[in-house]
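Residue numbers 1 to 1197, in full-length UniProt numbering, belong to the letters of the sequence shown in order. Virtual Cβ for every residue (Gly too), placed ideally from N, Cα, C. This structure is a prediction, so every number in the text was calculated from the model and none was measured.
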Amino acid sequence: MPAQPLNAKAAAAGNLPNYVLSDGRSMRPLPLDVQAQPGGRYKILQRSGNAVKPVTKLIAIADGADGKADLRLLLDDGTQVTIRDFYRVEDARLSAPRADGGEASIDRFTRSLAVGGDSRDIVLLSGSPADVTALAKLYAGQFEVLSPTTLSNAMIWSEEPAVSAATPGSASFLSKLSLGPIDATSGLGLLAGIGAVGAGVGLVSSSSSKSSSSTGAKPVLSVASIAKDNKVNASEAQSPVVISGTTSHVEDGQVVTVNWGGVVKTGVVTSGTWSVSVAPGEVPADGDHAIKVSVTNLEGLSTEVAGNLPVDRIGPAIALNTTVLNKAAVTNGGTLTGTSDLPDGSVLSVTVGTVSKTATVASGKWSVAFTASDIPASATSLSVTVQGADSFGNSNLIFASPIIDKTASLSISTPSVDGRINGWDRKSSVTFQGTATGIEEGQTVNVSLNGVSHTVTITKGGTVSAPVYEWSATFTASELPAADGIYTLAAVAADKAGNTATQTLSIPVAKIFAPDAANATPGLVLNGDKTGDTAGTIVGWAGDVNGDGYDDVIVSAPDADPASQSSAGRTYIVFGGTASTAIDLSALANAGGAPKGFAIDGRATGDGLGYAVAALGDINGDGRSDMIVTAPFSDMDGPDSGRAYIIFGKTAGDTLALSSLTPSQGFAIAGLSSGDKLGSSAAAIGDVNGDGYADFLLGAPGANGGNGKAYVVFGASSMTSVQLSAVAAGNGGFAIDGFSGVAGFGSHAAGIGDINGDGLADMVISGGSTANTAYVIFGRTSSSSIAVSTLTGGSGGFAITGDTGQMIGLSLSAAGDVNGDGFADFAVGTNGTGSAGRSYVIFGSSNQASINLSSLSGNRGFAIAGATANEHAGTSIAYAGDVNGDGLADLIVGAPASDVTGTNAGRAYVVFGRTGSTTVELSALAASDGFAISGAASETDTGLGVSYAGDVNGDGIDDLIVGVPRSTVDTTKAAGQAFVIFGSTNSTFVQTAFDLVGTSANDPLQDNGVAMSIAAGTGDDLLTLTGASTAYGGAGKDVFKISGAALTSLTAPLGGAANRVGLHGGSGIDTLMIMDSGVQLDLTSLGLTNNGVPSLSGRLSSIEHIDIAGPVGANNTLKLNLASVVGITEDRILANQPSLHTLFVTGDAGDALTLTDKASWTNTGTYSDPALSVTYQILQHASGAASIYYATGITLT
1 MPAQPLNAKA
11 AAAGNLPNYV
21 LSDGRSMRPL
31 PLDVQAQPGG
41 RYKILQRSGN
51 AVKPVTKLIA
61 IADGADGKAD
71 LRLLLDDGTQ
81 VTIRDFYRVE
91 DARLSAPRAD
101 GGEASIDRFT
111 RSLAVGGDSR
121 DIVLLSGSPA
131 DVTALAKLYA
141 GQFEVLSPTT
151 LSNAMIWSEE
161 PAVSAATPGS
171 ASFLSKLSLG
181 PIDATSGLGL
191 LAGIGAVGAG
201 VGLVSSSSSK
211 SSSSTGAKPV
221 LSVASIAKDN
231 KVNASEAQSP
241 VVISGTTSHV
251 EDGQVVTVNW
261 GGVVKTGVVT
271 SGTWSVSVAP
281 GEVPADGDHA
291 IKVSVTNLEG
301 LSTEVAGNLP
311 VDRIGPAIAL
321 NTTVLNKAAV
331 TNGGTLTGTS
341 DLPDGSVLSV
351 TVGTVSKTAT
361 VASGKWSVAF
371 TASDIPASAT
381 SLSVTVQGAD
391 SFGNSNLIFA
401 SPIIDKTASL
411 SISTPSVDGR
421 INGWDRKSSV
431 TFQGTATGIE
441 EGQTVNVSLN
451 GVSHTVTITK
461 GGTVSAPVYE
471 WSATFTASEL
481 PAADGIYTLA
491 AVAADKAGNT
501 ATQTLSIPVA
511 KIFAPDAANA
521 TPGLVLNGDK
531 TGDTAGTIVG
541 WAGDVNGDGY
551 DDVIVSAPDA
561 DPASQSSAGR
571 TYIVFGGTAS
581 TAIDLSALAN
591 AGGAPKGFAI
601 DGRATGDGLG
611 YAVAALGDIN
621 GDGRSDMIVT
631 APFSDMDGPD
641 SGRAYIIFGK
651 TAGDTLALSS
661 LTPSQGFAIA
671 GLSSGDKLGS
681 SAAAIGDVNG
691 DGYADFLLGA
701 PGANGGNGKA
711 YVVFGASSMT
721 SVQLSAVAAG
731 NGGFAIDGFS
741 GVAGFGSHAA
751 GIGDINGDGL
761 ADMVISGGST
771 ANTAYVIFGR
781 TSSSSIAVST
791 LTGGSGGFAI
801 TGDTGQMIGL
811 SLSAAGDVNG
821 DGFADFAVGT
831 NGTGSAGRSY
841 VIFGSSNQAS
851 INLSSLSGNR
861 GFAIAGATAN
871 EHAGTSIAYA
881 GDVNGDGLAD
891 LIVGAPASDV
901 TGTNAGRAYV
911 VFGRTGSTTV
921 ELSALAASDG
931 FAISGAASET
941 DTGLGVSYAG
951 DVNGDGIDDL
961 IVGVPRSTVD
971 TTKAAGQAFV
981 IFGSTNSTFV
991 QTAFDLVGTS
1001 ANDPLQDNGV
1011 AMSIAAGTGD
1021 DLLTLTGAST
1031 AYGGAGKDVF
1041 KISGAALTSL
1051 TAPLGGAANR
1061 VGLHGGSGID
1071 TLMIMDSGVQ
1081 LDLTSLGLTN
1091 NGVPSLSGRL
1101 SSIEHIDIAG
1111 PVGANNTLKL
1121 NLASVVGITE
1131 DRILANQPSL
1141 HTLFVTGDAG
1151 DALTLTDKAS
1161 WTNTGTYSDP
1171 ALSVTYQILQ
1181 HASGAASIYY
1191 ATGITLT
């Protein structure tokens, strides 16, 4: 017996073989190389420890080489089992239990699955296709029949179910294999090349061309490969499909029958060959079809072979999913993706542009990378071809041209009217909208603002020929930013190509803007004229310049170039009225149409006219307010000597040229010496000397050897000229000299009313930028000059000092009665710490002494701290009237360098009057404390000029004016603007205390005994007040009937709790009627904070008629003096009235008029009023400043 081959691994390890061969009887293990015995029943098992298990992988080979007739079993660990002469002995059989519970069985009649050219055929395959394939690779070099093609054929025709879970020939199985020749054994089951032994007689099969047969010999039938690979594709199905093969043991002329999917064809055996042809129209439909080939020889013996012959006319599905290439892909390269129904691992040929690539199918998908260089320059699409073939040979070639889309953009339209969100907008909702270019309808846009975002959809609008792709997002009031500032609105979207578009828009947000083109805040926009004019550098109240009953305003443009004279300067007077349509200041300069105001042109290059302005009241007796406008750089009287111009009120709208100023238009006040810079400051300061006439002040900081000087000019019944040399000598005024410790004294000045309660108006003056002291100078009847260096705590005035570098007196202003104690207060602006700016309100009192602002005590005033570094809050500061109607005077503070709504956009803050003394932090200004007015654009210096505007529209509520000197008007840069903000009870900015507001009609209004704030409006209104109310009459002839608490509160002593109560008639002849009996109405102690300062309202103002009659037999008394008459009346309300101020007093017999300065009054005659049937006695003060008309019958004492 030959040596038995052992499993290589087992032999190497010295262990027993992995497989066991038994004879089927005793189940004893046999050698793995054994001689076959007749009737032998052999079984092959796999060893598993001390047990055995079924064989899972096996190839059985019939080995007829070199005259052998052996059966060889090929196992997966390299073990070979040989049963010699298996095909020569009778009735030998081999069985191999399988893992699926079945059993593979072989005897000498088992047909071959594949024929090897070396007389070694496959007779059994056991295991999955993958297992069999792996096993075949292990032995491929030893057996020709284990070549891939022959093995595939054997696997297809194998009847063993263990070969594959799929039926042989199924789609999943055929996709991996190709058909090989089909072969059937002879009747004895002998394989080609094996000498068959039956009953001891050797019968050899023949493959000669001559037919042969012998008793008991079954036909041998073979089928050649069909359509090359035993699969019929579309191309092959379009031609006849030939099925052919060979036979043996079959006579010529015998019929071979082929049944292919129900299509039956027959052929005739000729010389051992046969063939049939299936026409294209007869080829079965696509699918997996069984094929059977059978033949019967003349001895009646038949053979049939069977298999599968699938048909597939449909090529593979291939698609390119990439339809668009975006900018990122074109720039950086990317990936093309697609799908295919080809099996995993199939390779596709892809051409990108002109570059060939391959892609492999995996799970029905494929992809191929490309680079930017693969895409032709300037291409608008990319040429792509994809080709692939299925296992049948069906090919598919697709062409595609993905679009190159590199553009996607968004736009954001300007929100609201002016691109800003104001307080009015923040009361409702704001819709932001824009367009999309290159982004498809239905794509989404994410719109975000201040942490709130909305996702909206792009819609298609416009027309069919001109579509517009639009988006919009609405933010509710609660989603809009609550704090003032600049916010970024961001819109982000992507098109279907993946191009991302982002657009942002900076949106200033504020409760109120200056100017407010959207008219969310009621007001009047005044637009500058030419580039660089800087209109709005200085703004102010002008009084009633044209005598129409409405207050007017001043807007200066010191850098304007009238008549082509560079920086000669121009000042505009804008008439008040109820209209709110924007006014172009250029129209005032050019006149024409109904006058809206007029312009005053500087005289010469570099004059800087409008550097300082002030309303003076009526100083020429024509019933219209006059003003002072300065040109501190005028060279008319020497280089930078400076000039000031008194301009009389007028109704015409023509421009005044100062080069040809006539006496009826005004007059000039000349600086005394070169370098004086007269007019660097100008102020209306009230009645300083107690003569009943308002006085004014001019600063000359370059005079007095650079130490500075200020001139106080006394008012008079008529003024046609002023000589400062005379004033300095004590004639018509007096001079105030600075000293070296306050360089540039007179750079800033303001009239501040009567802050110490002595009945005379006071003033405050400061030095230049390096000075750090301001001085309060008390009113005085003397006209001798004053040296501020001699002022000591409370005697003649006092000093205001502070920390080094504070620039105390950077701005100065009257403040009115801020805390309601009956004394006039004033304000001082400084640079503060870190240039944030810091202002101070100094309370008036009967006891005044020097103040150090760094240690300001609560009983002397309070500070107003700038909001942010470098905003310079307090660069300008001004009295603001009573904006919120609470009876306390308010302030407006300019911060022109504020960046809250844009770099140097600027800001102005309105600070409401208050009885407290804690510091007001502008960074946290509550609505109850005031409000901010923000610049509408960067680099506009909003708030460089701020001022009280009077009652411009005549509604009884005080208005404001804010300068925006570097604003661009249309495209005119730095033309400048000013914004008149109308006082209102329902606009965006005001925390109003007004309880009752009238209309333009003649309204009857009453407080019903409840303390209220009332604004009567523009009609001839009747106000009946019995509570501690504050009331503003506005334009028209208003009547105030007061009794009870209204009367007692009005006359409460200074410092009393009810001192905020006030009655203000407004323009027109207004009447105060006393409705109680036994009243002693003493107006000499009322606390008249104006004291002739035109822009200040006391507790009782603009009242021209007092009726003390009361009920029958009331016996009321009215006590007056010159100051009280001047303080409560308007300037010259009657044509041809003899005095600047006139008061009418009516009453009954039993009523009395008491004059505390009776000796200064002279009875000049009588005046009869036929309309009222009243005859008046006329009293005129010796100064000529005031007259009293009292009804005959009233007792004069």
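**Asked** Looking only at its own chain, which residues have a Cβ that is under 8 Å from the Cβ of Thr500, when we skip the five neighbours before and after it?
**Response** Around Thr500: Ala408, Val492, Ala493, Ala494.
**Asked** In terms of residue numbering, what span does the beta strand (DSSP E) encompassing Glu103 cover?
**Response** Its beta strand (DSSP E) spans residues 103 to 106.
**For Thr257: DSSP bridge partner residues** = In the DSSP assignment, Thr257 forms a beta bridge with Thr266, Ser294.
**Item:** Pro508 burial status per 10 Å Cβ neighbour count (16 or more: buried)
**Value:** Taking all protein chains in view, the Cβ of Pro508 is crowded by 16 or more other Cβ atoms within 10 Å, so the residue is classified as buried.
**Prompt:** Hey, Phe994 and Ala1015: beta-carbon distance below 8 Å or not?
**Reply:** Ala1015 sits close to Phe994, with the two beta carbons spaced by under 8 Å.
**Message:** Using a 10 Å radius around the Cβ and a threshold of 16 neighbouring Cβ atoms, would you call Glu159 buried or exposed?
**Reply:** Confidence in Glu159 is poor, its pLDDT being 42 and thus under 50, which makes the residue's placement unreliable; the coordinate value appears in the next sentence. Glu159 should be labelled exposed.
**Asked** Where does Tyr611 fall in DSSP's three states?
**Response** Collapsing the DSSP output to three states places Tyr611 in coil.
**Residues bridged to Asp762 [DSSP beta-bridge criterion]** = DSSP, once it has assigned bridges, lists Gly753 as partnering Asp762.
**Touching by the beta-carbon criterion (3+ pairs, under 8 Å), the stretch 914 to 922 and the stretch 942 to 952** = In short, these stretches do not touch, since the Cβ pair count stays below three.
**Asked** Taking the continuous alpha helix (DSSP H) assigned at Val727, which residues delimit it?
**Response** Run containing Val727: 724 to 728, per the alpha helix (DSSP H) assignment.
**Asked** If Ile646 and Asp626 are in contact, beta carbons under 8 Å, what's the gap, nearest whole angstrom?
**Response** Confirmed, Cβ separation roughly 6 Å.
**Asked** Quick one: is Asn230 buried, meaning 16 or more other Cβ sit within 10 Å of its Cβ, or exposed?
**Response** Taking a 10 Å sphere around the C-beta of Asn230, we find 16 or more other C-beta atoms and assign the residue as buried.
**Request:** Take the Cβ of Pro168 as the centre, count every other Cβ of all protein chains shown within 10 Å, and call the residue buried at 16 or more, exposed below.
**Result:** For Pro168, the predicted structure reports a pLDDT of 31, less than 50, and the residue's modelled location is therefore unreliable. The matter cannot be settled from this model.
**Request:** Enumerate in chain order the residues of its own chain whose CB-to-CB distance from Val969 is below 7 Å, with the five nearest sequence positions on each side excluded.
**Result:** Closer than 7 Å at the Cβ level, and outside the excluded window around Val969, lie Asn527, Gly528, Ala975, Gln977.
**Asked** How long is the line joining the alpha carbons of Gly187 and Asn321, rounded to whole angstroms?
**Response** Residue placement at Gly187 cannot be trusted, given a pLDDT of 28 that sits under 50; the coordinates are not used to answer.
**Asked** CB-CB under 7 Å to Glu939, same chain, minus the five flanking residues each way: which ones, in chain order?
**Response** Result list for Glu939: Thr903, Asn904, Arg966, in chain order.
**Request:** Return the CA-CA distance between Ala1185 and Asn620, expressed in angstroms with no decimal places.
**Result:** One C-alpha to the other measures close to 12 Å.
**Message:** Let me check understanding here. Comparing Cα to Cα, which of Pro148, Lys709, Ala482 lies closest to Ser747?
**Reply:** Ranked by Cα distance from Ser747, the first of Pro148, Lys709, Ala482 is Lys709.
**Request:** To the nearest angstrom, report how far apart Thr476 and His454 are at their CA atoms.
**Result:** When only Cα atoms are considered, Thr476 and His454 end up about 11 Å apart.
**Message:** Using only the alpha-carbon positions, how far apart do Asn1115 and Tyr1167 sit?
**Reply:** Taking the straight line from one Cα to the other gives about 24 Å.
**Message:** Applying the 10 Å Cβ sphere with the 16-neighbour rule, what's the burial state of Glu441?
**Reply:** Glu441 is exposed by the Cβ-count criterion.
**Message:** If you measure between the beta carbons of Val89 and Pro38, is that distance less than 8 Å?
**Reply:** Cβ distance < 8 Å, so Val89 and Pro38 count as in contact.
**Request:** Could you tell me which of Leu336, Thr521, His1105, Val268 sits nearest to Gly983, measuring between CA atoms?
**Result:** Comparing Cα-Cα distances from Gly983 to each of Leu336, Thr521, His1105, Val268, the minimum goes to Thr521.
**Request:** Alpha carbon to alpha carbon, how far is Phe826 from Gly809? Give it in angstroms, no decimals.
**Result:** Near 12 Å, if we compare the C-alpha coordinates of Phe826 and Gly809.
**Asked** When the Cβ atoms of the stretch 635 to 645 are set against those of the stretch 684 to 694, are three or more pairs found closer than 8 Å?
**Response** Look at the beta carbons and you see the stretch 635 to 645 not touching the stretch 684 to 694: under three pairs across the two are nearer than 8 Å.
**Request:** Determine the direct distance from the alpha carbon of Val264 to that of Ala285, and round the result to whole angstroms.
**Result:** Cα-Cα distance, rounded: 14 Å.
**Sequence-distant residues of its chain with Cβ nearer than 7 Å to Lys292 (five each side left out)** = The answer, listed in chain order, is Asn259, Glu304, Ala306.
**Prompt:** Between the Cα of Tyr19 and the Cα atoms of Gly78, Leu1083, Thr1197, which residue gives the shortest distance?
**Reply:** Shortest Cα-Cα distance from Tyr19 to any of Gly78, Leu1083, Thr1197 involves Gly78.
**Candidates Gln238, Thr901, Thr247, Ala329, of which the one nearest Val278 by Cα** = Selected option, being the one with the closest Cα: Gln238.
**Asked** Taking three-plus beta-carbon pairs below 8 Å as touching, is the stretch 121 to 130 in contact with the stretch 50 to 63?
**Response** With a cut-off of 8 Å, the stretch 50 to 63 and the stretch 121 to 130 count as touching, because enough Cβ pairs lie within range.
**Asked** In whole angstroms, what is the alpha-carbon distance linking Ser567 and Gln723?
**Response** If you take the alpha carbons of Ser567 and Gln723, they lie about 26 Å apart.
**Prompt:** Is it a yes or a no for the stretch 1064 to 1072 touching the stretch 1026 to 1037, going by three-plus beta-carbon pairs under 8 Å?
**Reply:** When Cβ pairs closer than 8 Å are counted between the two stretches, the stretch 1064 to 1072 is seen to touch the stretch 1026 to 1037, the count reaching three or more.
**Asked** According to the neighbour-count rule (16 or more other Cβ atoms, all chains shown, within 10 Å of its Cβ), is Ala535 buried or exposed?
**Response** Counting Cβ neighbours within 10 Å, Ala535 comes out buried, since at least 16 surround it.
**Request:** Quick one: residues in its chain with C-beta nearer than 6 Å to the C-beta of Gly844, no 5 flanking neighbours on either side, listed in chain order?
**Result:** Cβ neighbours of Gly844 beyond the five flanking positions: Ile755, Phe823, Ala824, Asp825.
**Item:** Contacts around Val283, its chain only, beta-carbon distance under 7 Å, and the 5 residues preceding and following it disregarded
**Value:** These residues qualify, in order along the chain: Val232, Ala237, Val241, Val311.
**Prompt:** Are the stretch 992 to 1012 and the stretch 924 to 935 in contact at 8 Å, needing three or more beta carbon pairs?
**Reply:** Counting C-beta pairs closer than 8 Å gives fewer than three between the stretch 992 to 1012 and the stretch 924 to 935, which falls short of the contact rule.
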